[in-house]
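Here is the structure we will look at.
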Amino acid sequence: MKRKTKWANIYLIVVFIILYTPIFYLMYYSFNSGGTMHHFEGFTLEWYEEVFHDTRLFIIVLNTLVISLLSAAISTILGIFGALAIYYVKKRQMKNMLLTLNNVLIVSPDVIIGASFLILFTIVGIKLGFTSVLLSHIAFSVPIVVIMVLPKLQEMSPTLIDAARDLGASPWNVLTKVILPYITPGIFAGFFMALTYSLDDFAVTFFVTGNGFSTLSVEIYSRARQGISLSINALSTLIFLFTIILVIGYYFINQRSSRPGGLGGRK
Amino acid sequence: MKSNTRNLYLIPYVLWILLFVVAPILLILYYSFFDIEGQFTLGNYKKFFTPVYLRMTLSSFWYAFLITAFSLIIAYPTAYLLTKTKHKQLWLLLIILPTWINLLLKAYAFLGIFGTFGFANSFLELIGIGRKQLLFTDFSFVFVSVYIFIPFMVLPIYNALEKLNPSLVDAARDLGASWWTTFRRVVFPLTLDGVKSGCQAVFIPALSLFMITRLIAGNRVITLGTAIEQHFLVTQDWGMGSTIAVFLIIAMAIIMVATGNRK
Amino acid sequence: MKKLVQMFAAVFAVAMALLYLASHLNTTQGYSGDNTLTIYNWGDYIDPELIKKFEKETGIKVIYQTFDSNEAMMTKIAQGGTTFDVAVPSEYAINKMIEEDLLIPLDHSKLPNLKYINPRFLDLSFDPKNKYSIPYFWGTVGIVYNPEMLGGKKITSWNDLWDKDLRNQILLVDGAREVIGMGLNSLHYSLNDTNKAHLQEAKRKLGALTPNIKAIVGDEIKMLIANEEAAVGVVWSGDAAEIMSENEKLDYVVPKEGSNLWFDNMVIPKTAKNIEGAHKFINFMLDPKHAAQNAEYVGYSTPNQKALDYLPKEIANDKRFYPDLDSAQNLEVYENLGKRMLAYYNELFLEFKMHKK
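Just so you know, the protein sequences line up as chains S, P and W, in that order.
Oh and the first sequence: position 246 is 246 in the working numbering, straight run, nothing missing.
Take any residue in the second sequence, count from 1 to its spot, add 1000: that is its number in the working numbering.
Take any residue in the third sequence, count from 1 to its spot, add 2000: that is its number in the working numbering.
The following block contains the structure:
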């Protein structure tokens, strides 16, 4: 038994090392005075200084955060509705059709989504900028939330709902007292995935943005022509450390109030 | 009463589907019938069935399969072991965290790591294998793709394992089932839904990977996604790009129906 | 349930606070005022000091937006819905944009500094009489290589690339016209050849090159070559200059069979709101001192004759990047071959990419 845990730990450690190697690589070179991501010449903080003096970059980071938080939250709410809708549909054909339509945006390459959204927005007459970017991020995050929430709903035993109904619970009570608590882990998972999609997206945002509005990925991609400056590395390092502190802090505060929660918790 | 609630859930969702899914699909379908000069044609569909595009489709499916298979092989034990750790939710969050760093930046980091004088090659030299060309090979392409998709596979499997009733496993063990039998007969079948949604979340996007086909595979791998991107952004042949997209959507629908729940 | 509500409330609150902060910064920094000029350019393709100077001199606040391909830029401009006052497309894109009526004619009386541009770069086939565009940077396509990694071997022509010793040593830039053009040039055909037999011949010849090709890549090519990941790269001259400033062992050559001559020009797209300011900006960039400063920062070749006087001698006299254009007869500008022909080029390029080793 002891030996098995040892191997298990080694396996997990290796997975984590591989997941984090490229990130540590980026962080390491953010201190390189040589200005490139190879041949470490000497230690410097000039890239960090550059980040702190660049207000435009700061605005872009803020924009990125606002878009990803808002789009993740709204798409999670929409996604819950979606999952419930699919769950309640009884006909198998209808169910499959909804699921297939749901997944179209996951399979479509970003370029197509971006181009077709751009056409859509200009037809409808939405001014390109914050609103159009937010709408598109919500749009492409909804399906992943549905995919994360739906299995939780399906595993829930239907007798649970029936029992609640028999006891006289209103549909609203059934939803808030029975269903939502049960699928909470799925909701959290969906929220985090939506956040991930939004933070990572370049192609869709590129097409639907305009009038001076920009997000971090768009900025990074457009800087690639001249080689990415190490100040982007420095910025990523800062964001990464900030997030890690936030995540660990959140976890332990949650832990202390002794309410297990977060992503995968059962209750 | 019951039908009432159902309708309410459907309203926002169907609205979303109509606006952001059906409308774009119709646009794509519409464009796929026009050639590069804006004339109505069926030529794009004819072109899709030429050897060039068929070979591309085949290789896309092959790579997507490889990527999904390796992701599953690595992610399942990871998810399983994660559920046994002490601060499991924290570790799970830490699995997702790397995806928040910009993909292009990570790809550049991989260029450095896999390069001739990179970290991976120094390691190979150290253990006596010697320098190899890692960059621009199938190996590096599959490796980086798996790297990108791992969290998307771990998450649903983790959730499925979490809901697994531990007493079922105990019961199986008490009845004398070996560890392997327990896994094969009890654990795996009960987490099949998680595995399915994980595979869907990996296989389908893997079909349309682009960018890293250029950065990591040096355009040695051409997927359907790469071709669509080229047609939309470089050739400006939206018709052909849309045609490939139509086939991609059809393929996805088939996969969804094939792996769908049979309840 | 309570936890869910709490979390969503927290997320919305944080997002609103950040949104307020961002819009506050936007107004205090002047990014959302009326007196603005939006420039749509390649990433990091201008000296930021010049933007600051322009803002100070004119009181116009500049919003700098970037794109990473001509085609993406054209799509955005064609769809409208957003403001761009000045854009910097490449020459073939300008031709297309003129055809599709996406550009506003320039008022030459507002551009007195135009006289400093070398007449060799004016009145070219893609924009007769420079009615719509003014040259920003120019260059060639050629071969950057590492003599040390090739054992002192010199490369002077496209055909040198077919050498068996170069196995797995060549990086190509991801461009259909560049790569197919290389095949055409190596056979002494024109870069603008539309004869399908010639194109097929070029494709077959390129197929024979596959064993030597390590990868076909984008902007990363600069980093890879500077890093000695491969000995030879087919690149644009501007990129070559940049690579060579990072790794001094490297050399650049414009192959003797001929090559491409390219331009990035400033234009005023149909989406422009501040046309007056756009002219001011173009004229500002045409000032020889500013052009020289910009050329030094970006590293590309400036078309501004007078600016050469302000550039360091070793840059201005470098024949590799400022070749004697009168003697270089075999440099060709890409012509607009029409959509169908261009699609054919791309089709060949796709087949070339899928050619297995």
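C-beta atoms are modelled at their ideal positions from N, C-alpha and C, and glycine is treated no differently.
Remember, predicted model here, so these are calculated numbers, not experimental data.
Practice item. Starting from M2073 (chain W), find everything on chain S with Cβ-Cβ shorter than 7 Å and list it in chain order. Key: For this step, residue 2073 (chain W) is matched to residue 73 along the third sequence. Within chain S, no residue comes near M2073 (chain W); the closest Cβ sits about 10 Å away, beyond 7 Å.
Review point. Going by DSSP, what residues sit across from I2213 (chain W) in a beta bridge?
Key: For the purposes of this step, residue 2213 (chain W) is taken as the residue at position 213 of the third sequence. Paired residues: W:I2170.
Review point. Would you call S170 (chain S) buried or exposed, if buried means 16 or more other Cβ atoms sit within 10 Å of its Cβ?
Key: Position 170 of the first sequence, counted from the first residue, corresponds to residue 170 (chain S). Exposed, since its Cβ has fewer than 16 Cβ neighbours within 10 Å.
Exercise for review: Classify Q2238 (chain W) as helix, strand or coil using the three-state DSSP reduction.
Suggested key: Looking up residue 2238 (chain W) in the third sequence gives position 238. The amino acid occupying residue 2238 (chain W) in the given sequence is Gly; Gln does not appear at that position. Residue state, collapsed to three classes: helix.
Point to revise | Rounded straight-line distance, which links the Cα of G2338 (chain W) to that of F207 (chain S) | key: In the first sequence, residue 207 (chain S) corresponds to position 207, counting from 1. In the third sequence, residue 2338 (chain W) corresponds to position 338, counting from 1. So the two alpha carbons sit approximately 25 Å from each other.
Check your understanding: Can you round the beta-carbon distance between F2284 (chain W) and W2138 (chain W) to whole angstroms, since I take them to be within the 8 Å contact cut?
Key -> Within the third sequence, numbered from 1, the residue matching residue 2284 (chain W) stands at position 284. Within the third sequence, numbered from 1, the residue matching residue 2138 (chain W) stands at position 138. Contact flag wrong, Cβ pair sits at about 19 Å.
Review point. Using the C-alpha atoms, what's the distance from A1120 (chain P) back to G2371 (chain W)?
Key: Coverage of chain W is limited to positions 2001 through 2357, which leaves residue 2371 (chain W) absent and any answer about it impossible.
Exercise for review: Rank W:P2105, W:K2280 and W:I2143 by C-alpha distance to the C-alpha of N2130 (chain W) and give the top, closest one.
Suggested key: As a first step, residue 2130 (chain W) must be located in the third sequence, where it is residue number 130. When each option's Cα is compared against that of N2130 (chain W), the closest is W:P2105.
Check your understanding: Can you check whether the CB of T122 (chain S) is closer than 7 Å to the CB of Q2065 (chain W)?
Key -> Locating residue 2065 (chain W) in the third sequence gives position 65, where the first residue counts as 1. Locating residue 122 (chain S) in the first sequence gives position 122, where the first residue counts as 1. Not in contact: Q2065 (chain W) and T122 (chain S) (Cβ atoms no closer than 7 Å).
Review point. Does any CB atom of chain P fall closer than 7 Å to the CB of V111 (chain S)?
Key: Taking the first residue of the first sequence as position 1, residue 111 (chain S) is located at position 111. Answer yes: the Cβ-Cβ gap between V111 (chain S) and chain P drops below 7 Å somewhere.
Practice item. Thinking L2331 (chain W) and L2261 (chain W) are a contact (beta carbons under 8 Å), I'd like their distance in whole angstroms, please. Key: Start at 1 with the first residue of the third sequence, and residue 2331 (chain W) comes out as number 331. Start at 1 with the first residue of the third sequence, and residue 2261 (chain W) comes out as number 261. That belief holds up - the Cβ atoms of L2331 (chain W) and L2261 (chain W) are roughly 4 Å apart, short of 8 Å.
**Study point:** Limits of the unbroken beta strand (DSSP E) element including V2141 (chain W)
**Key:** Looking up residue 2141 (chain W) in the third sequence gives position 141. S2133 to Y2145 is the extent of the beta strand (DSSP E) around V2141 (chain W).
Check your understanding: Does any CB atom of chain W fall closer than 7 Å to the CB of L1105 (chain P)?
Key -> Here residue 1105 (chain P) refers to the residue found at position 105 when the second sequence is read from its first residue. No - not a single Cβ of chain W is within 7 Å of the one on L1105 (chain P).
Check your understanding: Over what stretch of residues does the alpha helix (DSSP H) that includes N233 (chain S) continue unbroken?
Key -> As a working note, residue 233 (chain S) is residue 233 in the first sequence. L230 to R256 is the extent of the alpha helix (DSSP H) around N233 (chain S).
Check your understanding: Measuring CA to CA, which of W:D2127, W:I2143 and W:N2304 is closest to P2255 (chain W)?
Key -> Within the third sequence, numbered from 1, the residue matching residue 2255 (chain W) stands at position 255. It is W:I2143 whose Cα lies nearest to the Cα of P2255 (chain W).
Review point. Once you ignore the five residues that flank L2348 (chain W) on each side, which residues in its own chain have a CB closer than 7 Å to its CB?
Key: Counting from one through the third sequence, the residue named residue 2348 (chain W) turns up at place 348. Here the set comprises I2180, L2199 and K2203.
Check your understanding: Quick one: what's D2251 (chain W) bridged to in DSSP?
Key -> Taking the first residue of the third sequence as position 1, residue 2251 (chain W) is located at position 251. For D2251 (chain W), which the question treats as bridged, DSSP gives the partners W:Y2145.
Check your understanding: Along chain W, which residues have their Cβ under 8 Å away from the Cβ of A73 (chain S)?
Key -> Here residue 73 (chain S) is taken as the residue at index 73 of the first sequence, counted from 1. Per Cβ cutoff of 8 Å: F2008, V2011, F2012 and A2015.
**Study point:** Q1200 (chain P) versus S:G249, S:V104, S:F81 and S:K4, residue with shortest Cα-Cα distance
**Key:** Here the question's residue 1200 (chain P) lines up with position 200 in the second sequence. If we check each option's Cα against that of Q1200 (chain P), S:V104 comes out closest.
Exercise for review: Give the single residue among W:N2294, W:L2342, W:H2355 and W:E2351 whose Cα lies nearest to the Cα of P2048 (chain W).
Suggested key: Counting from 1 along the third sequence, the entry for residue 2048 (chain W) is found at position 48. When each option's Cα is compared against that of P2048 (chain W), the closest is W:N2294.
Review point. In three-state terms, what does DSSP make of Y2040 (chain W)?
Key: Taking the first residue of the third sequence as position 1, residue 2040 (chain W) is located at position 40. Here Y2040 (chain W) sits in strand by DSSP.
Exercise for review: Determine which residues share a DSSP beta bridge with D2264 (chain W) and list them.
Suggested key: In the third sequence, the residue the question calls residue 2264 (chain W) occupies position 264. Answer is W:S2090 and W:F2137.
**Study point:** Among W:L2342, W:S2133, W:P2128 and W:K2154, nearest to P2089 (chain W) - alpha-carbon criterion
**Key:** The residue given as residue 2089 (chain W) occupies position 89 in the third sequence. Ranking the options by Cα distance to P2089 (chain W), first place goes to W:S2133.
Review point. Does the region 213 to 225 of chain S come within contact of the region 20 to 35 of chain S, defined as at least 3 CB pairs closer than 8 Å?
Key: no
Review point. Is S2301 (chain W) helix, strand or coil by DSSP?
Key: Sequence index remark: in the third sequence, residue 2301 (chain W) carries index 301 (1-based). Three-state DSSP puts S2301 (chain W) in a strand.
Review point. Excluding the five sequence neighbours on either side, which residues of its own chain have a C-beta within less than 8 Å of the C-beta of E2242 (chain W), listed in chain order?
Key: Along the third sequence, one-based indexing puts residue 2242 (chain W) at 242. Counting only Cβ-Cβ distances below 8 Å, and skipping sequence neighbours, we find K2222 and G2299.
Review point. Exposed or buried, I1101 (chain P), counting other C-beta atoms within 10 Å across all chains shown (16 or more means buried)?
Key: The residue you call residue 1101 (chain P) lines up with position 101 of the second sequence. I1101 (chain P) comes out buried.
Exercise for review: State the DSSP-derived secondary structure class of S1122 (chain P), mapped to helix, strand or coil.
Suggested key: Indexing the second sequence from 1 puts residue 1122 (chain P) at position 122. Helix at S1122 (chain P).
**Study point:** Burial state of N2195 (chain W), where buried means 16 or more other Cβ atoms lie within 10 Å
**Key:** For the purposes of this step, residue 2195 (chain W) is taken as the residue at position 195 of the third sequence. N2195 (chain W) comes out exposed.
Point to revise | Under 9 Å from the C-beta of V2217 (chain W): neighbouring residues of chain P | key: Translated into the one-based positions of the third sequence, residue 2217 (chain W) becomes position 217. Those within 9 Å of V2217 (chain W) in chain P are F1136, R1214, L1215, G1218 and N1219.
Check your understanding: Taking the continuous alpha helix (DSSP H) assigned at L1076 (chain P), which residues delimit it?
Key -> For the purposes of this step, residue 1076 (chain P) is taken as residue 76 along the second sequence, with counting starting at 1. Here residue 1076 (chain P) is Tyr; the residue named in the question, Leu, does not match the sequence. That run of the alpha helix (DSSP H) goes P1051 to K1084.
Practice item. Look at the alpha carbon of I1244 (chain P) and the alpha carbon of T237 (chain S), and state the distance between them as a whole number of angstroms. Key: Your numbering for residue 1244 (chain P) matches position 244 in the second sequence. Your numbering for residue 237 (chain S) matches position 237 in the first sequence. So the alpha carbons of these two residues sit roughly 39 Å apart.
Point to revise | Inter-residue spacing [alpha-carbon to alpha-carbon] between M94 (chain S) and G186 (chain S) | key: Position 94 of the first sequence, counted from the start, is the residue given in the question as residue 94 (chain S). Position 186 of the first sequence, counted from the start, is the residue given in the question as residue 186 (chain S). Between M94 (chain S) and G186 (chain S), the C-alpha separation is close to 23 Å.
Practice item. Identify whether S1167 (chain P) lies in helix, strand or coil by the three-state DSSP scheme. Key: For the purposes of this step, residue 1167 (chain P) is taken as residue 167 along the second sequence, with counting starting at 1. Helix.
Check your understanding: Helix, strand or coil: how does DSSP classify L101 (chain S) here?
Key -> As a first step, residue 101 (chain S) must be located in the first sequence, where it is residue number 101. Helix at L101 (chain S).
Check your understanding: Name the chain S residues that come within less than 8 Å of A2022 (chain W), Cβ to Cβ?
Key -> Taking the third sequence and counting its residues from 1, one reaches residue 2022 (chain W) at position 22. The contacting residues are I59, L62, N63 and V66.
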